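Enquirer: Per the numbering used here, the sequence shown starts with residue 145, numbered consecutively.
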Amino acid sequence: MLISCGDALIDFVPTKNTDGREAVMPAVGGSCLNVAIGIARLGAPTAFVGGISTDLFGRMIVDHAVASNVALDLATRSDHQTTLAFVRIVAGESHYAFYDANTATRNWTFRRGSIPFDTVAAVHVGSTTLVNDQGAAETRALIAEARASSTISFDPNCRPNLVKDKPAYLARMAEFAGHADLMKMSDVDFGYLFGEEPYQQRADALLRHGPSLVVITRGNNGAVAWHAKAGQIAVEAPKVTVADTIGAGDSFQAALLFALHKQGRLARQHLKDISTDELRRALSFAANCAGLTCTRPGADPPWSHEISWSW
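(1) Return the first residue and the last residue of the beta strand (DSSP E) that residue 228 is part of.
(2) Using the rule of at least 16 other Cβ atoms within 10 Å of the residue's Cβ for burial, across every protein chain shown, is residue 239 buried or exposed?
(3) Go through the segment 405-447 residue by residue and report every complete run of the alpha helix (DSSP H) that reaches 4 residues or more, in order.
(4) I'd like the list of long-range same chain contacts for residue 448, defined as Cβ closer than 6 angstroms, with 5 residues on each side in sequence excluded.
(5) Leaving out the 5 sequence neighbours to the left and right, which residues in its chain are closer than 6 angstroms to residue 313 when beta-carbon positions are compared?
(6) 8 angstroms is my cut-off, CB to CB: does residue 291 come that close to chain B?
(7) Would you grab the beta carbon distance between residue 399 and residue 430 for me? Rounded to a whole angstrom, and I think it's under 8 angstroms.
(8) Output the distance between the C-alpha atoms of residue 434 and residue 366, rounded to the nearest integer angstrom.
(9) Out of 321, 377, 167, 184, state which residue places its alpha-carbon closest to the alpha-carbon of residue 146.
(10) In this structure, how does DSSP classify residue 197 when only helix, strand and coil are distinguished?
(11) With DSSP collapsed to three states, give me the class of residue 149.
(12) Could you give the C-beta distance for residue 445 and residue 182, rounded to a whole number, given that I count them as a contact under 8 angstroms?
(13) Taking residue 344 as the reference, which of 219, 454, 378, 231 has the closest Cα?
(14) What whole-angstrom Cβ distance do residue 271 and residue 150 have, given they're in contact under 8 angstroms?
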């Protein structure tokens with residue numbers, strides 16, 4: 145079993161109405177839910193951990209997750225409202241306005257002792273859940289229980305417009321990176337977290353103090369990864385016609401975790417021992433899944449039958 149813990153929400157995705165004017169369309173999203181959906185659609189048993197509302201939008205989230213084969217028995221349902229995110233595309237990048245006060249995601253609490261982590265290969269965390277104090281505290285508690293037996297995957301998926309105290313946020317992201325075995329971030333995330341610092345310099349520092357694998361996705365420029373044993377590896381992005389980039393990074397993350405699982409390299413020690421060829425294949429698979437996600441609007445990661453891949 146693989147678990148993704150964090151945010152589940154509704155994105156209002158930009159579109160056009162019949163008169164050609166700007167409009168928005170509701171679509172299920174949330175970075176961590178997207179990761180769970182991406183893994184499950186590729187064929188690995190996956191569960192989502194986090195808060196989901198019982199309201200209309202929460203029912204949309206549940207229907208979408210169940211249709212994608214994501215188990216929700218570890219999720220927490222409440223009558224708090226669903227987080228809403230309105231999306232605009234500016235210069236090819238997705239920008240978000242969040243409505244997240246007193247929502248189901250914000251009010252999620254980890255039920256201590258509720259998850260049999262000895263049956264869980266990996267736990268993914270990150271995104272907006274880690275911005276607020278309660279979400280970060282509950283995620284810390286989950287990691288504390290999971291870490292003895294499960295690989296920890298982390299994607300900060302930064303949302304600067306939600307951050308009120310940047311120095312405290314940066315310290316928190318550094319803390320979570322220190323507990324992770326695998327850290328993925330976009331080039332935009334990297335710039336927010338580390339400014340103009342060279343990728344190589346920061347990757348070396350992260351490898352010394354936390355994860356054994358660091359990955360940076362760079363949009364049309366593909367992705368680059370650093371690993372203590374396998375070295376530095378770059379892969380190209382596929383050439384596709386882009387509808388939008390919503391959920392592309394989450395699809396990459398899901399596909400990378402799935403590929404490592406498929407290769408038998410997801411367990412902590414096995415990840416440390418991955419070969420250069422194995423890691424390159426996993427990264428290429430992830431890039432292709434992310435590319436396919438970009439060809440359709442909203443966070444809509446591919447199913448296994450949509451990806452031709454020989455393992």
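Note that CB positions come from ideal geometry on N, CA and C, so glycine has one too. Since the structure is predicted, the reported quantities are computational estimates derived from the model, not experimental observations.
Expert: In brief:
(1) Sequence index remark: in the sequence shown, residue 228 carries index 84 (1-based). First-last of the beta strand (DSSP E) with residue 228: 227-234.
(2) Here the question's residue 239 lines up with position 95 in the sequence shown. Classification for residue 239: exposed.
(3) 412-416, 420-438
(4) Position 304 of the sequence shown, counted from the first residue, corresponds to residue 448. These residues qualify, in order along the chain: 186, 187.
(5) Numbered from 1 along the sequence shown, position 169 holds the residue referred to as residue 313. Here the set comprises 307.
(6) The structure shown has no chain B; it contains just one protein chain.
(7) Within the sequence shown, residue 399 is the residue found at index 255, counting from 1. Within the sequence shown, residue 430 is the residue found at index 286, counting from 1. Right, the Cβ-Cβ distance comes to about 4 angstroms (below 8 angstroms), so this counts as a contact.
(8) In the sequence shown, the residue the question calls residue 434 occupies position 290. In the sequence shown, the residue the question calls residue 366 occupies position 222. Going by the C-alpha atoms only, they are around 10 angstroms apart.
(9) Walking along the sequence shown from the start, residue 146 turns up at place 2. Nearest of 321, 377, 167, 184 to residue 146, Cα basis: 184.
(10) As a position in the sequence shown, residue 197 is number 53, starting the count at 1. Of the three classes helix, strand and coil, the one that applies to residue 197 here is strand, per DSSP.
(11) Taking the sequence shown and counting its residues from 1, one reaches residue 149 at position 5. Strand.
(12) Translated into positions along the sequence shown, residue 445 becomes position 301. Translated into positions along the sequence shown, residue 182 becomes position 38. Between residue 182 and residue 445 the Cβ distance is about 4 angstroms, and since that is below 8 angstroms, they are a contact.
(13) In the sequence shown, counting from the first residue as 1, residue 344 sits at position 200. Closest option to residue 344, Cα to Cα, is 378.
(14) Your numbering for residue 271 matches position 127 in the sequence shown. Your numbering for residue 150 matches position 6 in the sequence shown. A Cβ-Cβ distance of about 5 angstroms is found for the pair residue 271 and residue 150, placing them in contact under the 8 angstroms criterion.
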